[in-house]
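**Student:** Have a look at this one.
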Amino acid sequence: MVAAPEGTVLILGATGRLGRALARVYPGAALIGHELELTDEAAVRAAIAGHAPRLVFNCAAFTDVDACEDEPERAMAVNGHAPGTVAAACADAGATLVQISTDYVFAGDRNGYTEADPPDPVSTYGRSKALGEARVRSAGADWRIVRTSRLFGPGENDFASQMRTRSLVKPVVPVIADEWSRFTYLPELAARLPEVVAAPRGTYHLTNEGAVSWYGFARALIPNAAPVPAAQCRRRALRPRCSALLNTRLRPMRPWQEALSDYLRSEDEQVIR
Ligand SMILES: NC(=O)c1ccc[n+]([C@@H]2O[C@H](COP(=O)([O-])OP(=O)(O)OC[C@H]3O[C@@H](n4cnc5c(N)ncnc54)[C@H](OP(=O)(O)O)[C@@H]3O)[C@@H](O)[C@H]2O)c1
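Shown next, in the form of structure tokens:
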């Protein structure tokens, strides 16, 4: 937990997965969910000016990758243009902005990407998030961009919990085996964000260490996962084949296997209670 800092900390997207995890790291933060529509420029500017924050985390996003293909205008508005509005309002308020981004800004045709690699997205979601990054960088605020990938955490409806549920009701659970990335344990990511705030302006990669396929991760969770090629699954958005985010600027996070052990322990404790 971070001791009450001078000035207000604002978390946008506070009802989402990362927003909730971050609220535990900053217990005194002002929490804002979708009651503030991020595409309403006047409302965003008024909310940020009203709170006069010293630090803003933008965890709000349109995160359904396939739905972004169906609603590209909404994706560009929420993920692309709204972060620019937030950043401009932060510049006016003298606040630091931490904008959360994604490995999907990369095409995924190599084994890993550093913070300095230029985005080359292959989906509407990726393009919208890359635009959001660009808008944040050019708005004149004190900014940090944190790219992360494949979030999982206790009590969430995420890939990990979906695998565990499916495993109970299906004899075999088909899982894509030819898309690799890095998984990221939400409580650990949230706990590392104050370090990013203290770091210089720039782009950072924070994930658990070690690339793994959806299947490899599922296999560590359930006994009845079966590997299938991505080409067999009908999904509207293209996904990167390998979008591992290489962290060359910050202390590394733990290997994903250690984080997964913590996750399983915490899920099992919830069941026992
Ligand atoms: N989940 C992942 O695996 C993953 C991987 C890489 C990067 N990321 C990035 O990490 C960040 C947090 O992701 P998450 O998984 O925590 O997201 P999430 O659970 O989907 O939460 C998104 C939040 O944004 C809010 N929101 C959506 N549209 C909005 C709008 N138009 N105006 C205002 N608020 C809006 C949502 O509110 P409602 O739910 O009420 O609409 C929710 O509070 C995002 O930037 C995402 O791109 C996520």
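Position 71, counted from 1, in the sequence shown is what the numbering used here calls 52; the numbers after and before it change by one each time, with no gaps. By construction, the Cβ of each residue, glycine as well, lies at the ideal position given by its N, Cα and C atoms.
1) List the whole-angstrom C-beta distance separating Ala41 from Gly(-3), where the pair is believed to meet the contact cut-off of C-beta under 8 Å.
2) Does the Cβ of Glu160 lie closer than 6 Å to at least one heavy atom of ligand 1?
3) Got a sec, what are the start and stop residues for the alpha helix (DSSP H) Ser142 sits in?
4) Starting from Tyr185, trace the beta strand (DSSP E) both ways and give me its first and last residue.
5) Verify the contact flag: Gly113, CB atom, against every heavy atom of ligand 1, threshold strictly below 6 Å.
6) Closest to Ala218 by CA distance: which of Tyr166, Asn92, Gly89, Tyr106 is it?
7) Count the other CB atoms within 10 Å of the CB of Cys49; is the residue buried (16 or more) or exposed (fewer)?
8) Which residues in the same chain as Asp51 place their Cβ atom closer than 8 Å to its Cβ, once the five residues preceding and following it in sequence are excluded?
9) With DSSP collapsed to three states, give me the class of Phe87.
10) Please classify Lys110: is it buried, with 16 or more other beta-carbons within 10 angstroms of its beta-carbon, or exposed?
11) Considering only residues of the same chain and omitting the five flanking positions on each side of Ala211, which have a CB-CB separation below 6 Å?
12) Tell me which same chain residues have a C-beta within less than 8 Å of the C-beta of Leu112, skipping the five on either side of it?
13) Does DSSP classify Ala58 as helix, strand or coil?
14) Return the first residue and the last residue of the alpha helix (DSSP H) that Asp73 is part of.
15) What's the call for Arg285, buried or exposed, on a 16-neighbour Cβ count within 10 Å?
16) Spatial neighbours of Ala122 within its chain, please: C-beta separation below 6 Å, excluding the five flanking residues on both sides.
17) On the three-state DSSP scale, how would you describe Cys49?
18) Tell me whether Glu190 sits in a helix, a strand or coil according to DSSP, three-state version.
19) Which term fits Asn138, buried or exposed, when burial requires 16 or more other beta carbons within 10 angstroms of its beta carbon?
20) Below 7 Å between beta carbons: does that hold for Gly65 and Ala23?
21) Considering only the beta carbon of each residue, do Gly89 and Arg222 sit closer than 7 Å?
22) Let me check you understand the geometry: is the CB of Cys40 closer than 6 Å to at least one non-hydrogen atom of ligand 1?
23) Do Ser242 and Pro135 come within 7 Å of each other at the CB atom, strictly closer than that value?
24) Val(-10) and Tyr7: beta carbons closer than 7 Å?
**Tutor:** In terms of the structure at hand:
1) Position 60 of the sequence shown holds residue 41. Position 16 of the sequence shown holds residue -3. Indeed they touch by this definition, with Cβ atoms about 7 Å apart.
2) Mapped onto the sequence shown, residue 160 falls at position 179. No - ligand 1 has no heavy atom lying nearer than 6 Å to the Cβ of Glu160.
3) The residue you call residue 142 lines up with position 161 of the sequence shown. Run containing Ser142: 140 to 150, per the alpha helix (DSSP H) assignment.
4) Within the sequence shown, residue 185 is the residue found at index 204, counting from 1. Start and end: 183 to 186.
5) As a first step, residue 113 must be located in the sequence shown, where it is residue number 132. No, the Cβ of Gly113 stays beyond 6 Å of every heavy atom of ligand 1.
6) Position 237 of the sequence shown holds residue 218. Ala218 has its Cα closest to that of Tyr106, out of Tyr166, Asn92, Gly89, Tyr106.
7) Mapped onto the sequence shown, residue 49 falls at position 68. Buried.
8) Start at 1 with the first residue of the sequence shown, and residue 51 comes out as number 70. Correct list, in chain order: Arg217.
9) What you label residue 87 is simply residue 106 of the sequence shown in a count that begins at 1. Coil at Phe87, not helix or strand.
10) Here residue 110 corresponds to residue number 129 of the sequence shown, with the count starting at 1. The residue is buried, with at least 16 neighbouring Cβ atoms inside 10 Å.
11) On the sequence shown, position 230 is the one that residue 211 refers to. Cβ neighbours of Ala211 beyond the five flanking positions: Ile157, Asp159, Glu160.
12) Your numbering for residue 112 matches position 131 in the sequence shown. Excluding sequence neighbours, Leu112 sits near Met57, Asn60, Gly61, His62.
13) Along the sequence shown, one-based indexing puts residue 58 at 77. If DSSP states are grouped into helix, strand and coil, Ala58 belongs with the helices.
14) To locate residue 73, count along the sequence shown from 1; it is residue 92. First-last of the alpha helix (DSSP H) with Asp73: 63 to 74.
15) As displayed, the chain neither begins before -18 nor continues past 254, which places residue 285 out of reach and without an answer.
16) Locating residue 122 in the sequence shown gives position 141, counting from the first residue. If we look at Ala122 and ignore the five residues flanking it on each side, its Cβ neighbours are Ala68, Cys71, Ala72, Leu78.
17) Reading the sequence shown from its first residue, position 68 is the one you call residue 49. Correct three-state label for Cys49: helix.
18) On the sequence shown, residue 190 is found 209 positions in, with the first residue counted as 1. The answer is strand: DSSP assigns Glu190 an E or B state.
19) Within the sequence shown, numbered from 1, the residue matching residue 138 stands at position 157. Counting Cβ neighbours within 10 Å, Asn138 comes out exposed, since fewer than 16 surround it.
20) In the sequence shown, residue 65 corresponds to position 84, counting from 1. In the sequence shown, residue 23 corresponds to position 42, counting from 1. No, the pair does not count as a contact, with Cβ atoms beyond the cut-off.
21) Indexing the sequence shown from 1 puts residue 89 at position 108. Indexing the sequence shown from 1 puts residue 222 at position 241. Yes, these two residues count as a Cβ contact at 7 Å.
22) By 1-based counting over the sequence shown, the position of residue 40 is 59. Flag set: Cβ of Cys40 near ligand 1.
23) Here residue 135 refers to the residue found at position 154 when the sequence shown is read from its first residue. Here residue 242 refers to the residue found at position 261 when the sequence shown is read from its first residue. No, these two residues do not count as a Cβ contact at 7 Å.
24) Position 9 of the sequence shown holds residue -10. Position 26 of the sequence shown holds residue 7. Yes, the pair counts as a contact, with Cβ atoms nearer than the cut-off.
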